[in-house]
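To convert, note that position 24 of the first sequence is 24 in UniProt numbering; the numbers rise steadily by one, no gaps.
Here's the structure we're looking at; comments come further down.
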Amino acid sequence: MIVTAKLRLMKTMCFASAFRSFRFPLLRELGMGNFQSPTLLFTCSFHSSSRATSAHTHKDASLISKFNSASFRDVDDALASFNHIILMHPLPSIVEFGRFLSALVRMKQYQTVICLSRTIESLGISHNVYSLAILINCFCRLHLVDFGFSIFGKILKFGLEPDIVTFNTLINGLCLEGKINRAVDFVNDMVAGGYQPNVCTYTVIVSGLCKFGKTNVAIWLLKEMIERGCEPNAVTYTAIIDALCKDKLVAEAVSLFSQMRDKRISPNVITYTCLIHGLCNLGKWSQARALLKEMVGHNISPNIFTFNILIDSLCKEGLVSNAQSIIKIMIQSGVEPNAVSYNSLMDGYCLRSQLDEAIQIFDLMVHNGIVDAFSYSILINGYCKSKRIDEAMQLFGEMPQKGFLPDTITYTTLIQGLWNAGKARTAHVLFNNMCSHGHQPDIIIFSTLLEGLCKQGDLDEALTLFKAMEKSQLKPNHVSYTILIDGVCKAGKLHDAKEFFSRLFEKGLQPNVYTYSIIIKGLCKKGLLDEAYKVFRGMEDSGCLPDGCCYNVIIQGFLRHADVPKASKLIEEMVGKGFSADATTTKLVLCLSRNGHPILRKLRNQSKGFKGVNVK
DNA sequence: ATAGGGTTAG
């Protein structure tokens, strides 16, 4: 039966690697030479020269017990332990090595696992289905799912029996690369081979769908799995609850949360944390606090993730001192703040231009050895926003010697800072520098360049870049269009602006409130009030509700062109929606009323309590 | 000993 299943698998799945010869060890054949770390070379050379053959000493015994328990302080500790153990005799079995590799996976040392798998094999230890699943998982995490499939092919060829975990690992690998269709096909192959999908199989697909914005399909699959007799668990529900929260559909998330509790599936700390995050993101603080309480009451303690989410949300609201209180509370409850906690705090201070406080945290992190690449980008951003570009450059320059290589985000931050500081040339040099270091420019850095060129008034160069983007793989998105429309509007070229605005729709892109505000502002400036009003009214039809800024823009247009009736009508409408007049609108209204126009009194009567126009 | 859900920067 098993043999038949295997044969069917071999027939249904066409993996070229499954039909190669196997004279060489598994990983060498895969050409894994580039995964060799210095550690690996070190262990190999030592291994051949001197291996202890005498009976184990006490020291050996403690080394062995440490290795076998697989509880290591950090990566270096784990590698040191490995280097010791492979000099001993007899060597640990694949079971112990498997536990060791699994510990490395928990530390996200995927590349190291791949290297060491080869070392283990070269020591004469044969892999089994467990260790190979670990290896496949590591390839998948590095987005090398096809290498994972090569291992799978060898499992079959070597006569090992893949289990459901092997399949689920590969299915997850496909999902991580967004290849959901291939993942579903593979599930079908698996079923054809006689394996039944379990709750993990479904959950992997559910979370894959969620990650790629197909929450509705994920919800459908949730129902489907129940119908097929596979009960979802807390992990399945949590994946969907999190996706709903990220789509800002917190009410739906809460309803799914109740649904799982009705089914007696207990939410865990991750479920609560996702919901709290969703509520915080929408500024629903009291509900978040209540849930944190509906959580502790169920004997579920907040963990580092929960605390970090609270810290970050408070910082983003500008409430850094409240975030500091959370730090105290977490320490009191035995949860040590980590790099993420401090990075959020730093960013909070940068947001409030309290650079000294941010620098203090950065230095503290350096002192405690927990500073990371995020910390650098955050502080560089802080310096840029506070117009301290030289210090930003200096910090950027220090990164490599401290063991952190700048990534695309670090470059983008600094390039934007340089443009704003008027240092276009340096920005350009830095961009080339980034490309020569092998960082693929993404849509955001192109938008940054586009914005820099427009701000500098170099519209021709901006247009050239935009055209280049259109021809490339990296097509302009709604943000790129918005930046360009802003640029041409400010240059007074309304004809071009209108053209780009309609081209945006033609490309199937969706303008947002910023895009609308910009084009409306441009039209108003040129005195094309009717057209501006038409665009403004067209917003809702295309599913984009005007915000306070949008109202202010169109109102200012009418006020500047002395169309007071239209302006006051729109102010009334704006106030009714809970938005208020900004400083410019207020000034224009006051100006008109000082000139004897009764608009101010009219507005005072219309907007009860004078909410609409804030006059001190 | 192997699989699935949550946090920070442009």
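Built from N, CA and C at the ideal position, the CB exists for glycine as well.
All figures in this text were calculated on a predicted structure; none of them were measured in a lab.
Beta-carbon proximity check, residue i vs residue j, cutoff 7 Å
i: Cys175; j: Tyr202; result: no
i: Val129; j: Leu170; result: no
i: Leu345; j: Ile361; result: yes
i: Ser447; j: Ser480; result: yes
i: Ile485; j: Ala468; result: no
i: residue 633; j: Tyr383; result: In the structure as shown, the chain starts at 1 and stops at 616, and residue 633 therefore has no counterpart that could be examined.
i: Leu474; j: Ala462; result: no
i: Leu256; j: Ile276; result: no
i: Leu459; j: Ala491; result: yes
i: Leu588; j: Gly557; result: no
i: Leu135; j: Ser150; result: no
i: Cys550; j: Ser517; result: yes
i: Gly278; j: Cys245; result: yes
Helix, strand or coil at residue i according to DSSP, with G and I counted as helix
i: Thr57; result: coil
i: Ile64; result: helix
i: Gly33; result: Since pLDDT at Gly33 reaches only 37, below the 50 mark, its modelled position is unreliable, and the value read off the structure follows with that caveat. It is helical.
i: Lys154; result: helix
i: Gly457; result: coil
i: Ile265; result: coil
i: Asn368; result: coil
i: Arg560; result: helix
i: Met574; result: helix
i: Lys284; result: coil
i: Cys544; result: coil
i: Gly527; result: coil
i: Cys549; result: helix
i: Gly159; result: coil
i: Gln259; result: helix
i: Ala70; result: coil
i: Met346; result: helix
i: Ile125; result: coil
i: Cys591; result: helix
i: Glu391; result: helix
i: Cys230; result: coil
i: Ser472; result: coil
i: Gly487; result: helix
i: His298; result: helix
i: Gln111; result: helix
i: His143; result: coil
Residues near residue i by beta carbon distance below 6 Å, same chain, minus five either side
i: Thr39; result: Only weak support is given to the placement of Thr39: the predicted model assigns it a pLDDT of 36, under 50, and the value that follows is read from those uncertain coordinates. So the qualifying residues of the chain are Leu79.
i: Lys521; result: Val553
i: Ile353; result: In the sequence under discussion, the amino acid at residue 353 is Ser, which differs from the Ile named in the question. Ser386, listed in sequence order.
i: Tyr110; result: Cys138, Arg141 and Leu142
i: Asp312; result: Ser344
i: Leu310; result: Ile326
i: Val488; result: Asp496 and Ala497
i: Ser207; result: Ala239
i: Ile359; result: none
i: residue 617; result: The structure shown does not extend to residue 617, since the chain is modelled only from 1 to 616, so the question has no answer here.
i: Glu573; result: none
i: Ile409; result: Ser377
Residues near residue i by beta carbon distance below 8 Å, same chain, minus five either side
i: Arg182; result: Leu174
i: Asn68; result: Pro92, Glu96 and Arg99
i: Arg73; result: none
i: Val254; result: Leu275
Where the alpha helix (DSSP H) containing residue i begins and where it ends
i: residue 618; result: Examination of residue 618 is not possible in this model, given that the chain is present from 1 through 616 alone.
i: Gln324; result: Val320 to Gln332
i: Met225; result: Thr215 to Glu227
i: Asp76; result: Val75 to Ile85
i: Tyr195; result: It is not in any alpha helix (DSSP H) - Tyr195 carries neither H nor E in the DSSP assignment.
i: Cys210; result: Val199 to Lys211
i: Leu244; result: Ala234 to Lys246
i: Ala103; result: Ile94 to Arg106
i: Val429; result: Ala424 to Ser436
i: Ala421; result: That residue, Ala421, is in no alpha helix (DSSP H); it is neither H nor E in DSSP.
Beta-carbon proximity list for residue i, same chain, < 7 Å, skipping 5 on both sides
i: Ala427; result: Ile415, Leu418, Trp419 and Gly452
i: Gln510; result: His478
i: Gly31; result: Low per-residue confidence applies at Gly31: pLDDT is 42, beneath 50, and the placement is therefore not dependable, though the value from the model is reported in the following sentence. Around Gly31: no qualifying Cβ.
i: Ile265; result: Asn233, Ala234 and Tyr237
i: Leu430; result: Tyr411, Leu414, Ile415 and Leu418
Nearest-angstrom Cβ-Cβ length linking residue i and residue j, presumed shorter than 8 Å
i: Thr236; j: Val199; result: 7 Å
i: Ile64; j: Ile86; result: Not really, about 12 Å apart at Cβ, beyond 8 Å.
i: Ile370; j: Ala339; result: 5 Å
i: Tyr376; j: Leu355; result: Tyr376 to Leu355, Cβ: 15 Å. No contact.
i: Ala192; j: Thr215; result: Not confirmed; about 29 Å, so no contact.
i: Ile241; j: Thr271; result: 6 Å
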